[in-house]
Amino acid sequence: MNLESFHRQSIEDREGFWAKQAELIHWNKPFGQVLDYSKPPFARWFLGGETNLCFNAIDRHLASQADKPALIYVSTETGEEDTYSFRQLHEEVMRMAAIMIEQGVGKGDRVLVYMPMVPQAVFAMLACARIGAIHSVVFGGFAAHSLASRIDDATPKLIVSADAGSRAGKVVPYKHLLDEAIELSAHKPSCVLMVDRKLAPMTRIEGRDLDYASQREKHLDAQVPVTWLESNEISYTLYTSGTTGKPKGVQRDVGGYAVALAASMKHIYCGNAGETYFSSSDIGWVVGHSYIVYGPLLAGMATIVYEGTPVRPDAGILWRLVEKYQVTVMFSAPTAIRVLKKQDPAYLTAHDTSSLRALFLAGEPLDEPTAQWIEEGLGRPIIDNYWQTETGWPILTVAHGIEKTPTRLGSPGMPMYGYDVRLLHEQTGEQVGVNEKGVVAIMPPLPPGCMQTVWGDDERFVDTYFSSIPGKLVYSTFDWGVRDADGYYFILGRTDDVINVAGHRLGTREIEESISSHSSVAECAVVGVADQLKGQVAMAFAVLKDPTVIATTSGRLALEGEIMKVVDNQLGAIARPSRVHFVTLLPKTRSGKVLRRAIQALCERRDPGDLTTIEDQAALEQVREALAI
Ligand code: AMP
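This is the structure we're talking about:
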């Protein structure tokens, strides 16, 4: 079978195709109908089937590999290194589930997980999956304000957190941010379960905070059976940034997600039971959900949960782990490779990485020099993947489990089975030709594993994703792309105001709202600017209520620092703009729309393009002056 006919079959006979893939997981009760698409664009998969993600990730493997490694924990921050077998993971997850049940958490209740990369974070996710609770993991790098808005949207009964994380040898305390977030949020969780790593002091809130270690002791022998869930019940929500200030809760089902991940492990990642998978991402992102926790475990693989950077204790750490644990499949981000590129290339060959079948890179564009550098240096195949939080698994890549299609530099590959990908003209909605730029769109129904809807807001799901191409009900990825004559796709950047910093998606509007909350700021614009290391960084242009505050250099620097601190405190350091420039007006159209693309072009020393709609040319001059162009 070649990829093209596999793909064609998945589109022409969706039901037959996915019914076959569904055999990869265990069903407690078989499904009656493969797909219900009676209410476009909402797709429901495997109707009436009963399954459970935790059962498929753990229990299913107990008969054949109970004593084989399931979770390998490595922290180069604290020096911890532990291996949990499938049996041990099963026990830990049941203990965590018992703690949750005792706190009144049951099917459909939300549990928010705000954790560093520790095994307990994975136990919490799997425990939720086991009892049918809905987890919502919030990246540990987000600060109080971001966390509070997610608490209010998810309204969790329980929050699982820890005293602190650690990054590059520096302790990053979490508890005070969590307390502040709960203070800010309208919704108050009834219980907060704290894992005490003894990294940072914590103040305990009586009647609300529980200590994980002592709770675990109480439930050492817990036996918690799985709760079978109908395929379309909700497994989790995961927040992602868009063009508005309010993040969207991407909502996923149970059965479709399990099938999609199991299929991707077989056809795309080619990982086998008993082998080790290593993804250097974080559980706060979709890669962490799909390819640290669920995907590898569904395939019966051991998964490495890593707390640390790619360069500590030295730039060989990732490859040392590959050698030590005989990793066969590895997943990372282009940013991590660009960080390594600044180090001695000898690290790439200092360890035996021959166990690696491939290194998958995703989350942001993989530039050609970086791809070439790592492929030559490591001597292992490099495979780019293009996908989104919304889709949960790759849209474009190559599927070496189906056919050994060669990869092409700069291209993530071709449409994966299940995705009817089109490149459409932004205005007419017509398909563009070979080598012509269009919006990367997917004809619905979206395949299994993709988001079901926006949590609590079906209308926003349709309005956001299915309404941008005039007259057509198609899913927009909000990315530009082109396809070459051989069918390889190339991604050319976002069509909206979303930026990608070190593989993390950030909404410029969120950052603008944060900056505008500073009492001196009247209004501002934030754009993403190309950066050699991080792909993009945020850059801000602010108009002040009283410009005399920055009459002196020290006044200006102090205010810039203050504004950066506001963003740090509200959203987290990842959202901090690299610079805050002060101007007295922003380039806007006559209808008042900020011309972000023109600002971005100037920041990247490009031609700002067509400016016939600009209200006042002087605003652009100010941007030029601020950038010293
Ligand atoms: P996120 O949902 O945060 O993973 O971000 C998804 C977005 O990241 C996509 O819409 C693209 O803009 C970008 N992206 C992800 N993977 C790739 C890739 N392999 N090549 C180019 N852009 C990518």
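Taking the working numbering, the leading residue of the sequence shown gets 4, the next gets one more, and so forth. No residue lacks a Cβ here, since even glycine has one placed at the ideal position from N, Cα and C. Note that this is a predicted model, so its numbers are computed, not measured.
Task: Exposed unless 16 or more other CB atoms sit within 10 angstroms - verdict on Asn59 - done: Residue numbering aside, residue 59 sits at position 56 when the sequence shown is read from its first letter. With 16 or more Cβ atoms within 10 Å of its Cβ, Asn59 is classed as buried.
Open item on the list: At a threshold of 7 Å, does Leu369 count as lining the ligand AMP (C-beta to nearest heavy atom)?
Closed with: For this step, residue 369 is matched to residue 366 along the sequence shown. Because some heavy atom of the ligand AMP lies under 7 Å away, the Cβ of Leu369 counts as near it: yes.
Open item on the list: Quick check: what's the CA-CA separation for Ile134 versus Gly109?
Closed with: Against the sequence shown, residue 134 aligns to sequence position 131. Against the sequence shown, residue 109 aligns to sequence position 106. Near 6 Å, if we compare the C-alpha coordinates of Gly109 and Ile134.
- [ ] Please confirm if the segment 135-142 is in contact with the segment 185-198, defined as three or more CB-CB distances below 8 Å between the two stretches.
- [x] Flag = no, the segment 135-142 and the segment 185-198 do not touch.
Open item on the list: Using 8 Å for Cβ pairs, my map puts Ile237 next to Gln254. What's the rounded Cβ distance?
Closed with: Here residue 237 is taken as the residue at index 234 of the sequence shown, counted from 1. Here residue 254 is taken as the residue at index 251 of the sequence shown, counted from 1. Right, their Cβ atoms sit about 6 Å apart.
Open item on the list: Please tell me whether Val570 and Ala578 are closer than 8 Å, where the distance is taken between their beta carbons.
Closed with: Position 567 of the sequence shown, counted from the first residue, corresponds to residue 570. Position 575 of the sequence shown, counted from the first residue, corresponds to residue 578. Less than 8 Å divides the Cβ of Val570 from the Cβ of Ala578.
TODO: Give the single residue among Gly210, Leu223, Ala167, Leu232 whose Cα lies nearest to the Cα of Ala203.
DONE: Start at 1 with the first residue of the sequence shown, and residue 203 comes out as number 200. Per the Cα distances, Ala167.
- [ ] Return yes when at least one heavy atom of the ligand AMP lies under 7 Å from the C-beta of Arg508, else no.
- [x] Translated into positions along the sequence shown, residue 508 becomes position 505. Within the cutoff, so yes.
Task: Host beta strand (DSSP E) of Ile385 (start-end) - done: Translated into the one-based positions of the sequence shown, residue 385 becomes position 382. Residues 385-388.
- [ ] With His179 as the anchor, note down where its alpha helix (DSSP H) starts and where it stops.
- [x] As a working note, residue 179 is residue 176 in the sequence shown. Looking at the DSSP string, the run of the alpha helix (DSSP H) that includes His179 is 178-187.
TODO: Find out if the Cβ-Cβ distance for the pair Val342, Leu509 is shorter than 8 Å.
DONE: Your numbering for residue 342 matches position 339 in the sequence shown. Your numbering for residue 509 matches position 506 in the sequence shown. No.
Task: Beta-carbon proximity check, Ser283 vs Ala339, cutoff 8 Å - done: The residue labelled residue 283 in the question sits at position 280 within the sequence shown. The residue labelled residue 339 in the question sits at position 336 within the sequence shown. Yes, the Cβ-Cβ distance between Ser283 and Ala339 is below 8 Å.
Task: Residue environment, Arg98, which counts as buried when at least 16 other CB atoms sit within 10 Å - done: Here the question's residue 98 lines up with position 95 in the sequence shown. Counting Cβ neighbours within 10 Å, Arg98 comes out buried, since at least 16 surround it.
Open item on the list: So, under 8 Å CB-CB, Arg90 and Asp62 are touching, yes? Tell me the CB distance rounded to an integer number of Å.
Closed with: Locating residue 90 in the sequence shown gives position 87, where the first residue counts as 1. Locating residue 62 in the sequence shown gives position 59, where the first residue counts as 1. About 10 Å separates the two Cβ atoms, so there is no contact after all.
Task: Beta-carbon spacing of Ala358, Gln391 below 8 Å - done: Taking the sequence shown and counting its residues from 1, the one referred to as residue 358 is at position 355. Taking the sequence shown and counting its residues from 1, the one referred to as residue 391 is at position 388. It should be pointed out that residue 358 corresponds to Ser in this sequence rather than to Ala. It is not a contact, given that the beta carbons lie outside the stated cut-off.
TODO: Return helix, strand or coil for Asp214, following the three-state DSSP convention.
DONE: Against the sequence shown, residue 214 aligns to sequence position 211. If DSSP states are grouped into helix, strand and coil, Asp214 belongs with the strands.
TODO: Taking only the alpha-carbon atoms, compute the straight-line gap between Cys639 and Leu427 and give it to the nearest angstrom.
DONE: Because the chain in this structure spans residues 4 to 632, residue 639 falls outside the shown range and cannot be described.
Task: Paired residues, beta bridge with Glu53 - DSSP - done: Translated into positions along the sequence shown, residue 53 becomes position 50. According to DSSP, residue pairing for Glu53 in a beta bridge involves Lys32, Glu233.
Open item on the list: Quick check on the DSSP output: the beta strand (DSSP E) that includes Asp534 runs from which residue to which?
Closed with: Residue mapping note: residue 534 aligns to position 531 of the sequence shown, counting from 1. Asp534 -> beta strand (DSSP E) spans 524-534.
TODO: Given a cut-off of 8 Å, decide if Pro122 and Tyr76 are closer than it, judged by their beta-carbon atoms.
DONE: As a working note, residue 76 is residue 73 in the sequence shown. As a working note, residue 122 is residue 119 in the sequence shown. Yes.
Open item on the list: Threshold first: 3 residues or longer. Then list the beta strand (DSSP E) segments lying entirely within the segment 427-513, N to C.
Closed with: 441-445, 478-486, 492-497, 501-504, 507-510
Task: Among Val125, Met4, Ile566, Phe45, nearest to Met446 - alpha-carbon criterion - done: Numbered from its first residue, the sequence shown carries residue 446 at position 443. Nearest of Val125, Met4, Ile566, Phe45 to Met446, Cα basis: Phe45.
- [ ] Tell me whether the beta-carbon of Gly538 lies closer than 8 Å to the beta-carbon of Pro372.
- [x] In the sequence shown, the residue the question calls residue 538 occupies position 535. In the sequence shown, the residue the question calls residue 372 occupies position 369. In this structure, Pro372 does not lie closer than 8 Å to Gly538 by Cβ.
Task: heavy atom of the ligand MG below 7 Å from Ala263 C-beta - done: The ligand MG is not part of the structure shown, which contains the ligand AMP as its ligands.
Open item on the list: Our contact map puts Trp376 next to Tyr350 with C-beta atoms below 8 Å; I'd like the distance itself, whole angstroms only.
Closed with: Numbered from its first residue, the sequence shown carries residue 376 at position 373. Numbered from its first residue, the sequence shown carries residue 350 at position 347. Contact flag wrong, Cβ pair sits at about 12 Å.
TODO: List the residues that DSSP assigns as beta-bridge partners of Asp85.
DONE: One-based indexing of the sequence shown puts residue 85 at position 82. Answer is Tyr76, bridged to Asp85.
Open item on the list: Under DSSP, the alpha helix (DSSP H) around His190 begins and ends at which residues?
Closed with: Numbered from 1 along the sequence shown, position 187 holds the residue referred to as residue 190. Segment: none, His190 is in no alpha helix (DSSP H) and carries neither H nor E.
Task: Nearest-angstrom Cα separation, counted from Asp499 out to Leu630 - done: The residue you call residue 630 lines up with position 627 of the sequence shown. The residue you call residue 499 lines up with position 496 of the sequence shown. Cα-Cα distance, rounded: 23 Å.
TODO: Check whether the Cβ atoms of Val199 and Asp214 sit closer than 8 Å, and answer yes or no.
DONE: Taking the first residue of the sequence shown as 1, we reach residue 199 at position 196. Taking the first residue of the sequence shown as 1, we reach residue 214 at position 211. It is Asp, not Val, that sits at residue 199 in the sequence shown. In this structure, Asp214 lies closer than 8 Å to Asp199 by Cβ.
Task: Glu310 (DSSP reduced to helix, strand or coil) - done: Working through the sequence shown from its first residue, we reach residue 310 at position 307. Reduced to three states, the DSSP call for Glu310 is strand.
Open item on the list: Rounding to the nearest angstrom, what Cα-Cα distance links Leu129 and Lys173 in this structure?
Closed with: Counting from one through the sequence shown, the residue named residue 129 turns up at place 126. Counting from one through the sequence shown, the residue named residue 173 turns up at place 170. Taking the straight line from one Cα to the other gives about 29 Å.
Open item on the list: If distances are taken between C-alpha atoms only, which option among Thr408, Ala263, Asp610, Ala622 comes closest to Lys23?
Closed with: The residue given as residue 23 occupies position 20 in the sequence shown. The residue with the shortest Cα to Cα distance from Lys23 is Ala263.
TODO: Would you tell me roughly how many angstroms separate the C-alpha atoms of Gly259 and Ala25, rounded to the nearest one?
DONE: Taking the sequence shown and counting its residues from 1, one reaches residue 259 at position 256. Taking the sequence shown and counting its residues from 1, one reaches residue 25 at position 22. So the two alpha carbons sit approximately 8 Å from each other.
- [ ] Under 8 Å by Cβ, that's how I've got Ala622 and Leu574 pegged, so tell me the actual separation to the nearest angstrom.
- [x] By 1-based counting over the sequence shown, the position of residue 622 is 619. By 1-based counting over the sequence shown, the position of residue 574 is 571. In fact, because the Cβ distance is near 26 Å, the residues do not count as touching under 8 Å.
- [ ] Round the Cβ separation of Gly319 and Trp396 to the nearest angstrom and send it over; I've been treating them as touching at under 8 Å.
- [x] Within the sequence shown, numbered from 1, the residue matching residue 319 stands at position 316. Within the sequence shown, numbered from 1, the residue matching residue 396 stands at position 393. At roughly 30 Å, the Cβ-Cβ gap does not stay under 8 Å, so Gly319 and Trp396 are not in contact.
TODO: Please say whether Pro415 and Leu399 have beta carbons closer to each other than 8 Å?
DONE: One-based indexing of the sequence shown puts residue 399 at position 396. One-based indexing of the sequence shown puts residue 415 at position 412. Yes, the Cβ-Cβ distance between Leu399 and Pro415 is below 8 Å.
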